[in-house]
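Below is one structure; the comments refer to it alone.
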Amino acid sequence: MKNLQLPEDKTILKDKVILVTGAGDGIGRQAALTFAKYGATVILLEKTVKKLESIYAEIVELGAPQPAIIPLDMKGATVKNYQDMALTIIDQFGRLDGLLNNASILNSLNPIEHINEETFDKVMKVNFKATFFLTQSLIPALKLSKLPSVLFTSSSVGKQGRAFWGEYAFSKFATEGLMQTMADEYEHIGMRVNAINPGATKTRMRAKAYPGEDANKLKTPEQIMPAYVHLMSDESIGICGQSIDL
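Position 173 of the sequence shown, counted from 1, bears residue number 920 in the numbering used here, the numbering being contiguous throughout.
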């Protein structure tokens with residue numbers, strides 16, 4: 748996937764309904780914009796209303812299909828919140844064609860013996876527990892699509908543990924397991940389930956983890972979008988259960 752380019756066909760995601768979590772910033776924001784540019788109706792999930800309003804306005808200004816907004820903090824959301832959201836999506840759109848689970852948080856990097864219960868619970872809640880129950884709640888909507896695609900956001904530390912990455916690494920190992928299990932359960936009905944490890948990308952989370960790094964040497968969220976568009980489009984039929992490093 749390293750040699751992929753953004754498709755020339757600007758309608759490759761036309762008529763698709765795609766939900767993006769963490770859509771207000773970084774990779775999630777860029778993915779929402781890019782999906783919209785290629786014809787998708789994007790459902791924007793983000794905890795900060797101001798960020799939602801900003802990305803909503805930018806998509807509308809593009810002349811892309813009108814997006815939908817879901818202001819929701821995954822740190823405090825309940826399973827009922829996700830179930831109600833799923834019913835609303837089915838009622839308003841009739842189905843869900845794509846889901847990008849992008850929302851994640853990073854605690855300060857600490858050795859294992861310094862991890863406390865409060866930060867452990869917070870990171871695992873957003874990065875794994877909330878992601879799981881949101882995805883679970885959306886499965887009925889995804890099954891109403893002919894060719895649904897689900898993408899989880901992974902990390903290199905979710906494949907090979909690294910000192911001091913603690914809760915974040917644990918949550919991404921769990922995400923990899925969820926992706927593999929879900930792919931095996933639903934591939935037979937045509938649902939594609941994969942994970943993307945974006946690698947070193949110029950985002951706020953990266954800056955928090957590596958404050959001394961020269962961010963100008965990193966790839967931008969826009970530069971990694973070809974893989975996201977490809978995996979959300981019907982061009983990726985047959986790719987399932989893969990953890991893809993960019």
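For each residue, glycine too, the CB sits at the ideal point set by N, CA and C.
Asked: Taking the beta carbon of ALA804 as the centre, do at least 16 other beta carbons fall within 10 Å, making it buried, or is it exposed?; Found: exposed
Asked: Can you give the Cα-Cα distance for LYS827 and GLY946, rounded to whole angstroms?; Found: 33 Å
Asked: Look at the Cβ atom of ILE806, then the Cβ atom of SER980, and state whether they are nearer than 8 Å.; Found: no
Asked: Relative to the C-alpha of VAL1003, which candidate in SER801, ILE816 and LYS890 has its C-alpha closest?; Found: Within the shown structure, residues of the chain are numbered from 748 to 993, placing residue 1003 beyond reach of any answer.
Asked: Taking the C-alpha atoms as reference points, what is the distance between LEU978 and SER855?; Found: 31 Å
Asked: On the DSSP bridge assignment, give the partners of GLU793 in chain order.; Found: PRO818
Asked: In chain order, which beta strand (DSSP E) runs of at least 3 residues are fully inside the region 858-917?; Found: 896-900
Asked: What number of angstroms, rounded off, separates the C-alpha of LYS763 from the C-alpha of LYS784?; Found: 12 Å
Asked: So which of PRO968, CYS987, GLY985 and ILE991 has the shortest CA-CA distance to THR781?; Found: PRO968
Asked: Does the distance from the CB of ASN874 to the CB of THR922 come in under 8 Å?; Found: yes
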